[in-house]
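Number of protein chains: 2
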Amino acid sequence: MSLFNLSGKAARSPLLCSAPFRSLATTAAAAPSKKAPTAVVLMNLGGPKDLDAVHPFLLNLFSDGDLIPIPFQKYSAKFIAARRTPKIQTQYAQIGGGSPIHAWTELQGKLLEERLDKLSPQTAPHKSYIAFRYASPLTPETVAQMQKDGISRAVALTLYPQYSCSTTGSSLNELWKTLKHMDPESKIAWSVVDRFPTHPGLVEVFAKHIEASLMTYPEHERKDVVLLFSAHSLPMDIVNRGDPYPQEVAATVQRVVERLGHSNPFRLIWQSQVGPRPWLGPKTDAVLEGYARLGKKNLLMIPIAFVSDHVETLFEVDIEYGELAKEHGITGFKRVESLNADPMFIDAMADIVATHIKRGKPVSTQMPLRCPLCTNEKCGESKQFFASQQL
Amino acid sequence: MSLFNLSGKAARSPLLCSAPFRSLATTAAAAPSKKAPTAVVLMNLGGPKDLDAVHPFLLNLFSDGDLIPIPFQKYSAKFIAARRTPKIQTQYAQIGGGSPIHAWTELQGKLLEERLDKLSPQTAPHKSYIAFRYASPLTPETVAQMQKDGISRAVALTLYPQYSCSTTGSSLNELWKTLKHMDPESKIAWSVVDRFPTHPGLVEVFAKHIEASLMTYPEHERKDVVLLFSAHSLPMDIVNRGDPYPQEVAATVQRVVERLGHSNPFRLIWQSQVGPRPWLGPKTDAVLEGYARLGKKNLLMIPIAFVSDHVETLFEVDIEYGELAKEHGITGFKRVESLNADPMFIDAMADIVATHIKRGKPVSTQMPLRCPLCTNEKCGESKQFFASQQL
């Protein structure tokens with residue numbers, strides 16, 4: 006297991022951070038300012054706060070037909086979630102009993118509010134909300150709170166740098182479905198930040214984290230460290246449908262490597278494949294074994310498609326792949342620190358949102374284009390809904 | 006079929022170009038200058054000059070274990086090449102009876118010589134050679150000619166912008182194997198330009214060709230044209246072995262789209278899949294059918310991983326996909342002009358080579374890193390050979 010601190014003092018958990026932030030509930034109870042706030046809704050997958058939350062989290066996940074379309078979804082989801090809960094609980098037990106993603110996202114939101122108020126005073130105050138896809142606060146809870154707060158203008162901000170129909174797409178479909186029921190008169194005007202794979206601030210913070218990690222290797226070995234950019238894989242049927250994610254992840258990797266001045270050799274690899282279906286590779290575990298066989302001792306893992314720590318970084322990379330690397334004699338297996346609430350990352354996000362607001366368009370040029378082999382009618386309607394918002 | 010001229014006067018065939026260029030044979034016969042030239046060896050796949058050359062071309066192609074490892078390669082290659090020759094001859098018959106890739110490459114080389122002599126006078130004169138992988142001039146012919154010309158310094162320049170073990174990798178393995186036999190005392194010092202996926206000049210020329218094509222659409226439809234960046238696909242076992250090609254192709258696409266200011270929606274798609282093995286998708290033909298179903302009328306094809314016209318652009322895209330598009334009611338199916346001998350492309354290549362020479366290193370940082378699941382020992386030896394060249 007390769008847990009290390011970049012600065013030697015950065016906290017592993019947001020709960021230990023000194024920056025003040027209030028819970029969503031407390032914020033909601035505060036007296037509203039005279040000018041209605043501009044809402045910034047942070048969308049991410051979410052994670053179980055504690056071991057009891059694992060089952061409902063998995064149930065939500067396996068119920069998502071945009072992520073995993075399975076026959077008799079409502080019933081099969083219950084069966085699969087129940088069967089997998091004990092195994093997944095064991096994983097969360099090993100990373101402190103729950104996912105830190107809620108705390109990180111809340112902190113990201115609060116820090117973002119402050120930066121945005123300065124960067125875009127004309128749309129201040131900004132108020133952050135969280136809409137997780139599989140854990141509380143779920144989209145309906147969030148929309149209810151926004152209505153209570155009198156929101157009339159909202160930015161849906163994905164926290165996935167690269168767009169996939171399984172992640173940002175699913176979150177937007179859920180938001181569209183929720184709004185159809187909860188805001189039929191469209192009292193809230195929405196715009197969407199749906200991707201930011203090569204934003205210079207994002208690239209910079211990834212590069213800085215890599216540079217900091219490289220410094221922890223002995224100087225004479227530093228140039229030979231192989232950078233392994235590891236992203237959550239996609240099933241090949243989703244790739245072959247034309248999901249834009251693999252292309253965008255690759256673009257992030259290229260930009261980061263260029264920003265590093267091609268200091269080290271690298272590969273883009275894919276993790277977290279499950280089940281019998283073919284998934285996009287090369288698979289992270291096979292890559293570790295392969296590079297061990299080719300005599301590589303120093304491998305630096307860079308989670309390039311997640312911004313916050315959660316089970317895929319803390320358990321899968323640090324523990325599972327860490328142990329696999331150790332077994333194969335890879336003595337220099339390390340992982341760069343996730344972006345979490347790094348001020349540089351917050352600055353990047355603030356710039357992304359402020360630029361988006363200034364641009365005054367509801368969606369990106371790319372968003373309305375469905376995947377060439379898409380058969381999910383929800384995608385068509387949801388894209389149409391957001392693209393036709395009047396700001 | 007969508008053949009159109011970008012400028013209204015640009016020639017479809019290099020044979021019609023007015024720029025003077027001499028054949029390799031003529032050049033070789035010229036008296037050598039006092040200072041030995043710096044060789045620039047343009048590597049590409051090559052293509053049959055005429056219909057009689059189709060069989061030997063296919064035989065070379067199916068004999069390449071780095072491209073298509075098949076059991077009993079020597080014998081199966083003969084069988085497969087003989088069986089496929091008539092079908093492939095029909096394809097070449099439809100594009101003028103042969104591939105223009107030799108003429109284009111020769112012209113690229115000659116124009117590059119002129120530019121390089123100006124850009125890098127200290128290494129002038131520069132002399133271009135061609136080393137095709139499957140058609141004459143093959144690597145051994147070229148090396149023999151270089152030895153006759155007294156070459157002591159050579160740059161192996163791939164014409165594939167993005168590196169794949171199947172293309173540039175195969176060419177380099179062939180060059181290494183040839184040199185082992187033909188230049189055992191290493192009288193020629195080699196360096197390698199192994200990839201240039203995001204070179205600004207390359208990005209610029211792709212963007213300019215796209216902009217020119219977009220101008221041929223009616224103004225009110227222009228913004229809705231879907232840009233389809235189509236690259237030759239790879240079998241999934243090569244992708245899953247860790248071949249860098251999909252990542253680099255994706256990087257080129259991203260940079261071009263950004264250079265265009267995200268003017269149009271786009272997808273990266275993959276063409277030319279053959280045989281029963283799974284290949285990387287989405288497949289170009291399925292994409293055309295999919296977008297027809299989703300009501301798209303204007304699709305602009307951009308061959309993003311080839312620089313010269315050959316059967317994959319002239320037959321497969323223009324004729325095969327063109328007919329498919331027509332059948333499905335896609336009225337605005339077009340293809341951007343290939344880079345061929347566009348002066349902007351030549352300038353880009355000259356900059357790439359001049360910068361490479363100035364850098365003074367035999368290979369890129371990335372080249373020595375084998376694919377994580379590589380089991381081809383030739384790759385290890387060939388990479389080691391080029392990486393340890395003394396310049």
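Going line by line, the protein sequences match chains A and B.
For the first sequence, the working numbering begins at 6 and goes up steadily by one.
For the second sequence, the working numbering begins at 6 and goes up steadily by one.
A virtual CB, placed ideally from N, CA and C, is assigned to each residue, including glycine.
> Taking only beta-carbon atoms, is Tyr296(B) less than 9 angstroms away from chain C?
Replying inline: Protein chains in the displayed structure are A and B, and chain C is not among them.
>> So if DSSP puts Thr318(A) in a beta bridge, which residue, or which two residues, is it bridged to?
In response: In the DSSP output, where bridge partners are listed per residue, Thr318(A) has none listed.
> How about Thr43(A) and Pro166(A): are their beta carbons less than 9 angstroms apart?
Replying inline: Their beta carbons are not under 9 angstroms apart, which means Thr43(A) does not touch Pro166(A) by this criterion.
>> Which same chain residues end up closer than 7 angstroms to Leu63(A) when comparing Cβ atoms and leaving out the 5 residues on each side of it in sequence?
In response: Residues Ala86, Arg89, Thr90 and Ile93 of the same chain have their beta carbon placed closer than 7 angstroms to that of Leu63(A), with the five preceding and five following residues left out of the count.
> Using the rule of at least 16 other Cβ atoms within 10 Å of the residue's Cβ for burial, across every protein chain shown, is Lys388(B) buried or exposed?
Replying inline: Looking at its Cβ environment, which holds 16 or more other Cβ atoms inside 10 Å, Lys388(B) is buried.
> Buried or exposed: Asp55(A), going by 16 or more other Cβ atoms within 10 Å of its Cβ?
Replying inline: With fewer than 16 other Cβ atoms inside 10 Å of its own Cβ, Asp55(A) counts as exposed.
> If we ignore side chains and look at the alpha-carbon of each, how far apart do Asn303(A) and Val279(B) end up?
Replying inline: Each residue's Cα considered, the two are about 38 angstroms apart.
> Which runs of the beta strand (DSSP E), 3 residues or longer, sit entirely within the stretch 335-375 of chain B?
Replying inline: Runs of the beta strand (DSSP E) spanning 3 or more residues and lying entirely within the stretch 335-375 of chain B occur at 337-340, in chain order.
> Cβ of His204(A) within 9 angstroms of Cβ of Ile357(A)?
Replying inline: Between His204(A) and Ile357(A), the gap from beta carbon to beta carbon is short of 9 angstroms.
> Arg227(B) touches chain A at which residues, Cβ-Cβ below 8 angstroms?
Replying inline: Residues of chain A passing the Cβ test: none, with the nearest at roughly 12 angstroms.
>> Helix, strand or coil, according to DSSP, for Gln394(B) in the structure here?
In response: It is coil, neither helix nor strand.
> chain B beta carbons: is any one of them nearer than 9 angstroms to that of Gly247(A)?
Replying inline: The C-beta of Gly247(A) comes closer than 9 angstroms to at least one C-beta of chain B.
>> Threshold first: 3 residues or longer. Then list the beta strand (DSSP E) segments lying entirely within the stretch 195-240 of chain B, N to C.
In response: Taking only runs of at least 3 residues, the beta strand (DSSP E) segments lying wholly in the stretch 195-240 of chain B are 231-237.
>> Quick test of the definition: if touching needs 3 or more C-beta pairs under 8 angstroms, does the stretch 157-173 of chain A touch the stretch 237-254 of chain A?
In response: With the cut-off at 8 angstroms, the stretch 157-173 of chain A and the stretch 237-254 of chain A touch.
>> Can you list, in chain order, the residues of its chain with a C-beta nearer than 6 angstroms to that of Arg158(B)? Leave out the 5 residues immediately preceding and following it.
In response: Closer than 6 angstroms at Cβ, skipping near neighbours: Thr43 and Ala194.
>> Suppose you measure from the CA of Phe9(A) to the CA of Ile100(A); what does that come to, to the nearest Å?
In response: Residue placement at Phe9(A) is poorly supported in this model, since its pLDDT is 31, which falls under 50; the coordinates still yield a value, given next. Rounded to whole angstroms, the gap between the alpha carbons of Phe9(A) and Ile100(A) is 14 angstroms.
>> Rounded to the nearest angstrom, what separates Ser268(B) and Ala297(B) at their Cα positions?
In response: Each residue's Cα considered, the two are about 21 angstroms apart.
>> Let me make sure I understand the geometry here. Which of Asp290(A), Phe137(A) and Val208(A) has the alpha-carbon closest to that of Arg264(A)?
In response: In terms of CA proximity to Arg264(A), Val208(A) leads the group Asp290(A), Phe137(A) and Val208(A).
>> Using 8 angstroms for Cβ pairs, my map puts Leu396(B) next to Ser196(B). What's the rounded Cβ distance?
In response: For Leu396(B) against Ser196(B), the beta-carbon gap comes to about 6 angstroms, under 8 angstroms, which counts as contact.
> Exposed or buried, which one is Thr336(A) when buried takes at least 16 other CB atoms within 10 Å?
Replying inline: Counting C-beta atoms within 10 angstroms of its own C-beta, Thr336(A) has fewer than 16 neighbours from the protein chains shown and is therefore classed as exposed.
> Using 8 angstroms as the Cβ pair cut-off and three pairs as the minimum, do the stretch 123-142 of chain B and the stretch 373-383 of chain B touch?
Replying inline: No: the two stretches stay apart, fewer than three of their Cβ pairs being nearer than 8 angstroms.
> Hey, Leu344(A) and Leu162(A) are a contact pair by Cβ (cut 8 angstroms); roughly how many whole angstroms apart?
Replying inline: Taking C-beta atoms under 8 angstroms as the contact rule, Leu344(A) and Leu162(A) fail to qualify, at a distance of about 14 angstroms.
> Between Lys288(A) and chain B, is there a C-beta pair that is closer than 9 angstroms?
Replying inline: It does: the Cβ of Lys288(A) has a partner Cβ on chain B nearer than 9 angstroms.
> Taking Cβ positions only, does Asn178(B) come closer than 9 angstroms to chain A?
Replying inline: With respect to chain A, the C-beta atom of Asn178(B) has no partner C-beta closer than 9 angstroms.
>> Residues in the same chain with beta-carbon distance under 6 angstroms from Gln259(A), minus the five sequence neighbours each way, listed in chain order, please.
In response: Nothing meets the Cβ criterion.
> Rounded to a whole number of angstroms, what is the C-alpha to C-alpha distance between Arg246(A) and Glu179(A)?
Replying inline: Distance from the CA of Arg246(A) to the CA of Glu179(A), rounded to the nearest whole angstrom, comes to 20 angstroms.
> So, does the CB of Pro74(A) fall closer than 9 angstroms to a CB anywhere in chain B?
Replying inline: Between Pro74(A) and chain B, the shortest Cβ-Cβ separation is not below 9 angstroms.
> Taking 9 angstroms as the CB-CB limit, is Cys376(B) close to chain A?
Replying inline: Closer than 9 angstroms: yes.
> Given that a residue counts as buried once 16 or more other Cβ atoms are within 10 Å of its Cβ, and exposed if not, what is Glu321(B)?
Replying inline: Residue environment: Glu321(B) is assigned as buried (16 or more neighbouring CB atoms within 10 Å of its CB, all protein chains considered).
>> Helix, strand or coil, according to DSSP, for Leu378(A) in the structure here?
In response: DSSP places Leu378(A) in coil when its eight states are reduced to three.
>> Could you check whether the Cβ of Pro91(B) sits closer than 9 angstroms to any Cβ belonging to chain A?
In response: Answer no: the Cβ-Cβ gap between Pro91(B) and chain A never drops below 9 angstroms.
> Taking 9 angstroms as the CB-CB limit, is Arg272(B) close to chain A?
Replying inline: Judged by the 9 angstroms Cβ criterion, Arg272(B) is in contact with chain A.
> Along the stretch 346-375 of chain A, what residues have a CB closer than 9 angstroms to any CB found in chain B?
Replying inline: Those would be Ser369, Thr370, Gln371, Met372, Pro373, Leu374 and Arg375, in chain order.
> Below 9 angstroms between beta carbons: does that hold for Ile309(A) and Phe234(A)?
Replying inline: A distance below 9 angstroms separates the beta carbons of Ile309(A) and Phe234(A).
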